[in-house]
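Following this note's numbering, the numbering of the sequence shown begins with 916 at its first residue and continues without gaps. Here's the structure we're looking at; comments come further down.
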Amino acid sequence: MKTYSVKIIILFSLIIFIASCVRKTCENTNPIFAQMPPEDKEYKDELIKQFDKIDKEKLKFTLEDYYRVSNRECICVNVQGEGLCAKIVLEIGKSKKGIENILENKGKGYIGAEFKDLKFDIKKDSTETKFVFKEISGIVD
């Protein structure tokens, strides 16, 4: 009887562990996010509008990709929470605070990692909108 109980406890613990590692499904209801790529100005401008409507402290940011465009380093980050399901492309400028290892490894080993306290600048004019990385306080892998 004891071995049966131990097996059930181990199985239950394993199921809870696996379930905690799975990222929650993100349901997008915004047609701009569905139709435009995250690099597009219209997408970025819509993302700014959505950020203005919600509590950014409740958002979850996870790394999706690292890449270079015209000698600029960029990271693509999933944004989820408060009814928002989108991606944000952050250009890496002078500040690399908290993501030095991610950049050094070109994102390898960090895809899916959560960024704590992500901060970025928004640079917007009539022709271009940019999100420029400032810092994170930590990474949850």
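Ideal Cβ positions, reconstructed from N, Cα and C, are used throughout, including at glycine. No experiment lies behind these values; they were computed from the predicted model shown.
Classification of TYR981 by the beta-carbon crowding that lies within 10 angstroms, buried from 16 upward: The residue in question, TYR981, is buried, as its Cβ has 16 or more Cβ neighbours within 10 Å.
The region 1013–1024 touching the region 962–976, judged by at least three CB pairs closer than 8 Å: no
Residues bridged to ALA1001 (per DSSP): VAL994
Buried versus exposed call for ALA1001 [16 or more other C-beta atoms within 10 Å across all chains shown]: buried
DSSP beta-bridge partners of THR1044: LYS1039
C-alpha gap between MET951 and GLY1008, whole angstroms: 24 Å
Span separating the alpha-carbon of ASN1020 from that of GLY1027: ASN1020 and GLY1027 have their C-alpha atoms spaced approximately 14 Å apart.
Backbone CA spacing between PHE1035 and ILE947 [nearest angstrom]: 22 Å
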